[in-house]
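Visitor:
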Amino acid sequence: MDRRQILVAVIGLALFALVPPLAGIFDQPFYVDMFARIMIFAIAAVSLDLILGYGGMVSFGHAAYIGVGAYAVGILSYYGIDNGFVQFPVAIAAAALIALVFGLMSLRTTGVYFIMITLAFAQMLYFLGISLEEFGGDDGMPAYRSEFAGLIDLTDADQFYYLVFAFLVAALVVTHRLIHSRFGAVVRGAKANERRMQAMGFPTYRYKLAAFTIAGTMCGIAGALFANWNEFVSPDAMHWTRSGEIMIMVIMGGMGTLIGPVLGATGLLLLEEYLPEWMEALIAGTGEHWMVVMGPILIAIVLFGRGGIYALFARRGGDDG
Amino acid sequence: MDPLLLLEQAFNGLQFGVMLFLIAAGLTLVFGIMDLVNLAHGSLVMIGAYLATTFIGWTDSFILGLLLAIPAMFLVGVVVEVIVLRTLYLRNHLDQVLATFGLILFFNEIIRIIWGPISLYSGLPDYLSGHVEIIPGAPYPVFRLLIIAVGLLVALAIYLIVARTRLGMLIRAGASNNEMVGALGIDIKLLFTLVFALGAVFAGLAGMMLGPLTSVEPGMGEPLLILAFVVIIIGGIGSIRGAFVAAIVVGMVDTVGRVFLPVVLRAFVSDAAADTAGPALASMLIYILMAAILVVRPRGLFPARTG
Numbered sequence: 215m216d217r218r219q220i221l222v223a224v225i226g227l228a229l230f231a232l233v234p235p236l237a238g239i240f241d242q243p244f245y246v247d248m249f250a251r252i253m254i255f256a257i258a259a260v261s262l263d264l265i266l267g268y269g270g271m272v273s274f275g276h277a278a279y280i281g282v283g284a285y286a287v288g289i290l291s292y293y294g295i296d297n298g299f300v301q302f303p304v305a306i307a308a309a310a311l312i313a314l315v316f317g318l319m320s321l322r323t324t325g326v327y328f329i330m331i332t333l334a335f336a337q338m339l340y341f342l343g344i345s346l347e348e349f350g351g352d353d354g355m356p357a358y359r360s361e362f363a364g365l366i367d368l369t370d371a372d373q374f375y376y377l378v379f380a381f382l383v384a385a386l387v388v389t390h391r392l393i394h395s396r397f398g399a400v401v402r403g404a405k406a407n408e409r410r411m412q413a414m415g416f417p418t419y420r421y422k423l424a425a426f427t428i429a430g431t432m433c434g435i436a437g438a439l440f441a442n443w444n445e446f447v448s449p450d451a452m453h454w455t456r457s458g459e460i461m462i463m464v465i466m467g468g469m470g471t472l473i474g475p476v477l478g479a480t481g482l483l484l485l486e487e488y489l490p491e492w493m494e495a496l497i498a499g500t501g502e503h504w505m506v507v508m509g510p511i512l513i514a515i516v517l518f519g520r521g522g523i524y525a526l527f528a529r530r531g532g533d534d535g
Numbered sequence: 003m004d005p006l007l008l009l010e011q012a013f014n015g016l017q018f019g020v021m022l023f024l025i026a027a028g029l030t031l032v033f034g035i036m037d038l039v040n041l042a043h044g045s046l047v048m049i050g051a052y053l054a055t056t057f058i059g060w061t062d063s064f065i066l067g068l069l070l071a072i073p074a075m076f077l078v079g080v081v082v083e084v085i086v087l088r089t090l091y092l093r094n095h096l097d098q099v100l101a102t103f104g105l106i107l108f109f110n111e112i113i114r115i116i117w118g119p120i121s122l123y124s125g126l127p128d129y130l131s132g133h134v135e136i137i138p139g140a141p142y143p144v145f146r147l148l149i150i151a152v153g154l155l156v157a158l159a160i161y162l163i164v165a166r167t168r169l170g171m172l173i174r175a176g177a178s179n180n181e182m183v184g185a186l187g188i189d190i191k192l193l194f195t196l197v198f199a200l201g202a203v204f205a206g207l208a209g210m211m212l213g214p215l216t217s218v219e220p221g222m223g224e225p226l227l228i229l230a231f232v233v234i235i236i237g238g239i240g241s242i243r244g245a246f247v248a249a250i251v252v253g254m255v256d257t258v259g260r261v262f263l264p265v266v267l268r269a270f271v272s273d274a275a276a277d278t279a280g281p282a283l284a285s286m287l288i289y290i291l292m293a294a295i296l297v298v299r300p301r302g303l304f305p306a307r308t309g
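Residue numbers (our numbering), protein chains in the order written: chain G, 215 to 535; chain H, 3 to 309.
1) When the cut-off is 7 Å and only beta carbons count, does G/GLY531 lie next to chain H?
2) Under the DSSP definition of a beta bridge, which residues are partnered with G/ASP173?
3) G/GLY398 and G/ALA259 - do their beta-carbons sit closer together than 7 Å?
4) Pop quiz: G/THR323 and H/LEU130 are said to be a contact at Cβ under 8 Å. What is the actual Cβ separation, rounded to whole angstroms?
5) Give the residues from the segment 101-127 of chain H that approach chain G closer than 8 Å (Cβ to any Cβ), ordered along the chain.
6) Any idea what DSSP makes of H/PRO73, helix, strand or coil?
7) State the DSSP-derived secondary structure class of G/HIS276, mapped to helix, strand or coil.
8) Which residues in the same chain as G/ASP353 place their Cβ atom closer than 8 Å to its Cβ, once the five residues preceding and following it in sequence are excluded?
9) Rounded to the nearest angstrom, what separates H/GLY118 and H/PRO220 at their Cα positions?
10) Using the three-state DSSP reduction, which class does G/ASN297 fall into: helix, strand or coil?
11) By Cβ distance below 8 Å, which residues in the same chain neighbour H/ILE137 in space, the five residues on each side in sequence not counted?
12) Between G/SER345 and chain H, is the shortest Cβ-Cβ distance under 7 Å, so that the two count as touching?
13) How long is the line joining the alpha carbons of H/ILE25 and H/MET222, rounded to whole angstroms?
14) Check whether the Cβ of G/PHE426 lies closer than 7 Å to any Cβ atom in chain H.
15) Whole angstroms is fine: what's the gap from G/ILE435's alpha carbon to G/ALA424's?
16) Would you grab the beta carbon distance between H/ILE163 and H/GLY170 for me? Rounded to a whole angstrom, and I think it's under 8 Å.
17) Give a yes or no on whether the minimum CB-CB distance between H/VAL233 and chain G is below 7 Å.
18) Which one of H/ALA101, H/VAL81, H/PRO127 and H/LEU148 has the shortest CA to CA distance from G/MET466?
19) Comparing the C-beta of H/PRO214 with each C-beta of chain G, is any distance below 7 Å?
20) Counting only Cβ pairs nearer than 8 Å, list the residues of chain G close to H/MET286.
21) Does the segment 475-492 of chain G touch the segment 235-242 of chain G, meaning 3 or more C-beta pairs lie closer than 8 Å?
22) Ordered along the chain, which non-local residues of its own chain (more than five positions away) have a Cβ less than 8 Å from that of H/LEU172?
23) Output the residue ranges of the alpha helix (DSSP H) runs that lie fully inside the segment 80-130 of chain H and measure 4 residues or longer, sorted by chain position.
24) Using a threshold of 7 Å, state whether the C-beta atoms of H/GLN11 and H/THR257 are closer than that.
25) Taking Cβ-Cβ distances shorter than 8 Å, what residues in chain H pair up with G/PRO188?
26) Would G/ALA451 and G/ALA305 be called neighbours here (beta carbons separated by less than 7 Å)?
27) Please report whether the beta-carbon of H/ILE228 lies at a distance below 7 Å from any beta-carbon of chain G.
28) For H/LEU70, I'd like the list of residues in its chain whose CB is within less than 6 Å of its CB, leaving aside the five on either flank, ordered along the chain.
29) Taking the continuous beta strand (DSSP E) assigned at H/HIS133, which residues delimit it?
30) Could you compute how far the alpha carbon of G/GLY532 sits from the alpha carbon of G/TYR524?
31) Sorted by chain position, which residues of the same chain lie with C-beta nearer than 6 Å to H/PRO141's C-beta, five sequence neighbours on each side aside?
32) Given this structure, state the Cα-to-Cα distance separating H/LEU77 from H/THR195, to the nearest angstrom.
33) If distances are taken between C-alpha atoms only, which option among G/VAL222, G/ALA250, G/LEU512 and G/LEU517 comes closest to G/PHE379?
34) Mind checking if H/ASP277 is an interface residue toward chain G, Cβ cutoff 7 Å exclusive?
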């Protein structure tokens, strides 16, 4: 990381840290809520970038772990266990276990098989969620905000915001340390040339599986936070379009960069929030059809947006953590 | 267990299977030849259903409506290929997935703008809405039989096209080395457009058949698309034969599993537990099947291409 990239990361995170006081000054509490959601998805996008950007594993089922984390909180809450010190470890363990099992099988395949099998596994959990009548089935169920023995009060918007912020910073630090470790070098090496890494004696399958599991676990935390933010859990959290959205965040922000996914999550979710308003302002009555503009925007980002938003700030995109 | 019920469900499974084959056939051809992952293939199913419903409304004839919708689907296929997909062939799979994901959003919204957000229902003419007793004591809907017949006919037609015609020869050659085909003076661009449009017709046909069975609504093709992915993973990407076998297997396992898994479970656990776990397990069955097959054969049952 050169100084310029550190600068982008620090300024970006500082801006996030300033949202609650600014929202307080301008009396716009809505923004605290909105940016908390953005940061939750930023955690998911950072975790996906670990395997997608650095590991070259195109996982199209990342929303599954959001679902697992969210349902862990929701189901415990359903049985009256609202203690966050129980809920979060359970969510993390559940996401880790599911990611390990899915990874064990998915990573036997490569290329387009891998894309499709991860999508199919996520879809399997989605349908499992729908068939769980006890937990609301299709409609989902309400979830109360986690309690942390009086230490943090999640019903307070600012305190919730800074908890999410802390998790985001932790996710970035962990990812940064991982990528620059020996482990990260092997994973990145496997992306560049897997056969060469194997010839050098590295069991790449195990390294990739470890990275896949870590990414799923991190995303599970995003899921637990999402259940708290939404105060609701439903199969929608792991709808396959959600997996697509997380992928687009990574691409839009800058794949294979540390802070890129955070920028991408911010960009995409702000666009989804304001595009309808802009269209409505331009031509009345078109706002509800914002997807018809969103689709081509996404195609354009994929076709022409090399390096993503991050490339606008830093000299080059990709692989420089 | 009632053998007549089992037979009826086997027919339903077969009908679902041929439907999946119609969708998977185009998907696997496009992947095998152009090396393109097209998520928007499910949108073609949706467009087919909307076009057929509309044309049936205009002409007031089920047959005429379908006959109009089929060339219209071919046209849709050509337009989509020429405008968007053509630029994606040389991109990596990640770019293809995301760009065609954007295409899905676009198509769903366009449909909503043209036809409105409310589901359409396309009725069936009298001669198709009855039942026949192929086996005494088990009446079966005529329309579902028709779907099975159409599906099997299309499967036969695809087999004949691929194995016996000049176009099929080019398709097979393109699947193994499309640069060489181009170098030999074949208009590879035209071949690609033709193959994609053909796939669009099959997907559209699936949508047309699906219309009278379910409601016609935006996004209706997407759950089927993911099942079609499961089919081509099991069958082996690029293999028509694999797609056919896998489609029938997936259709059967899914349909029969949903009906009989709760019954079978009751023999082992309490009724209440079976009623809860049965549907949950049944909805996961084909994915478990897929995982099991991939453990044994990571490239599917009939791997068609290497690399």
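Backbone N, C-alpha and C fix where the C-beta goes; we use that ideal spot for every residue, glycine too.
Guide: Straight from the coordinates:
1) Start at 1 with the first residue of the first sequence, and residue 531 of chain G comes out as number 317. Residue confidence is low: G/GLY531 scores 44 on pLDDT, short of 50, so the model does not pin down where it sits. Its coordinate-derived value is still stated next. No, G/GLY531 lies away from the interface with chain H (no Cβ there is under 7 Å from its Cβ).
2) Since the first residue shown for chain G is 215 and the last is 535, residue 173 of chain G is missing from the structure and cannot be characterised.
3) Walking along the first sequence from the start, residue 259 of chain G turns up at place 45. Walking along the first sequence from the start, residue 398 of chain G turns up at place 184. For G/ALA259 and G/GLY398, no; Cβs fall outside 7 Å.
4) As a first step, residue 323 of chain G must be located in the first sequence, where it is residue number 109. As a first step, residue 130 of chain H must be located in the second sequence, where it is residue number 128. The pair is not a contact, with the Cβ atoms about 42 Å apart (cut-off 8 Å).
5) ALA101, PHE103, GLY104, LEU105, ILE106, LEU107, PHE108, PHE109, ASN110, GLU111, ILE112, ARG114 and ILE115
6) As a position in the second sequence, residue 73 of chain H is number 71, starting the count at 1. Looking at H/PRO73 - three-state DSSP - the assignment turns out to be helix.
7) As a first step, residue 276 of chain G is located in the first sequence; it is residue number 62 there, counting from the start. The answer is coil: DSSP assigns G/HIS276 none of H, G, I, E or B.
8) Looking up residue 353 of chain G in the first sequence gives position 139. The residues are SER448.
9) Position 116 of the second sequence, counted from the first residue, corresponds to residue 118 of chain H. Position 218 of the second sequence, counted from the first residue, corresponds to residue 220 of chain H. Approximately 9 Å between the Cα atoms of the pair.
10) Here residue 297 of chain G refers to the residue found at position 83 when the first sequence is read from its first residue. Residue state, collapsed to three classes: strand.
11) To locate residue 137 of chain H, count along the second sequence from 1; it is residue 135. Closer than 8 Å at Cβ, skipping near neighbours: LEU6 and LEU9.
12) Looking up residue 345 of chain G in the first sequence gives position 131. Interface residue, yes.
13) Counting from 1 along the second sequence, the entry for residue 25 of chain H is found at position 23. Counting from 1 along the second sequence, the entry for residue 222 of chain H is found at position 220. C-alpha separation (whole angstroms): 13 Å.
14) On the first sequence, position 212 is the one that residue 426 of chain G refers to. No, its Cβ sits nowhere closer than 7 Å to a Cβ of chain H.
15) Here residue 435 of chain G refers to the residue found at position 221 when the first sequence is read from its first residue. Here residue 424 of chain G refers to the residue found at position 210 when the first sequence is read from its first residue. Going from the Cα of G/ILE435 to the Cα of G/ALA424 covers about 17 Å.
16) The residue given as residue 163 of chain H occupies position 161 in the second sequence. The residue given as residue 170 of chain H occupies position 168 in the second sequence. Yes, they are in contact, since the Cβ atoms of H/ILE163 and H/GLY170 sit about 5 Å apart, within 8 Å.
17) Here the question's residue 233 of chain H lines up with position 231 in the second sequence. No, H/VAL233 lies away from the interface with chain G (no Cβ there is under 7 Å from its Cβ).
18) Translated into the one-based positions of the first sequence, residue 466 of chain G becomes position 252. Among H/ALA101, H/VAL81, H/PRO127 and H/LEU148, the Cα nearest to that of G/MET466 is on H/ALA101.
19) In the second sequence, the residue the question calls residue 214 of chain H occupies position 212. Chain G contact via Cβ: absent.
20) Against the second sequence, residue 286 of chain H aligns to sequence position 284. Result: MET338, PHE341 and LEU342.
21) no
22) In the second sequence, the residue the question calls residue 172 of chain H occupies position 170. For H/LEU172, where only same-chain residues beyond five positions count, the Cβ hits under 8 Å are VAL183, ILE188 and LEU193.
23) 95-117
24) Here residue 11 of chain H corresponds to residue number 9 of the second sequence, with the count starting at 1. Here residue 257 of chain H corresponds to residue number 255 of the second sequence, with the count starting at 1. In contact: H/GLN11 and H/THR257 (Cβ atoms closer than 7 Å).
25) Lying before the first or after the last residue shown, residue 188 of chain G is absent from chain G, which here runs from 215 to 535.
26) Position 237 of the first sequence, counting from 1, holds the residue named residue 451 of chain G. Position 91 of the first sequence, counting from 1, holds the residue named residue 305 of chain G. Cβ distance not < 7 Å, so G/ALA451 and G/ALA305 don't count as in contact.
27) Translated into the one-based positions of the second sequence, residue 228 of chain H becomes position 226. Cβ-Cβ to chain G under 7 Å: yes for H/ILE228.
28) Looking up residue 70 of chain H in the second sequence gives position 68. Excluding residues within five positions, the ones whose Cβ falls inside 6 Å are PHE57.
29) Against the second sequence, residue 133 of chain H aligns to sequence position 131. Per DSSP, H/HIS133 belongs to the beta strand (DSSP E) from 133-137.
30) For the purposes of this step, residue 532 of chain G is taken as the residue at position 318 of the first sequence. For the purposes of this step, residue 524 of chain G is taken as the residue at position 310 of the first sequence. Model confidence at G/GLY532 stands at a pLDDT of 45, short of 50, so the residue's coordinates are unreliable and nothing is read from them.
31) Position 139 of the second sequence, counting from 1, holds the residue named residue 141 of chain H. Within the same chain, H/PRO141 has close Cβ partners HIS133 and GLU135.
32) In the second sequence, residue 77 of chain H corresponds to position 75, counting from 1. In the second sequence, residue 195 of chain H corresponds to position 193, counting from 1. Going by the C-alpha atoms only, they are around 10 Å apart.
33) Residue 379 of chain G sits at position 165 when you count from the first residue of the first sequence. Minimum Cα distance to G/PHE379 is reached at G/ALA250.
34) Against the second sequence, residue 277 of chain H aligns to sequence position 275. Chain G contact via Cβ: absent.
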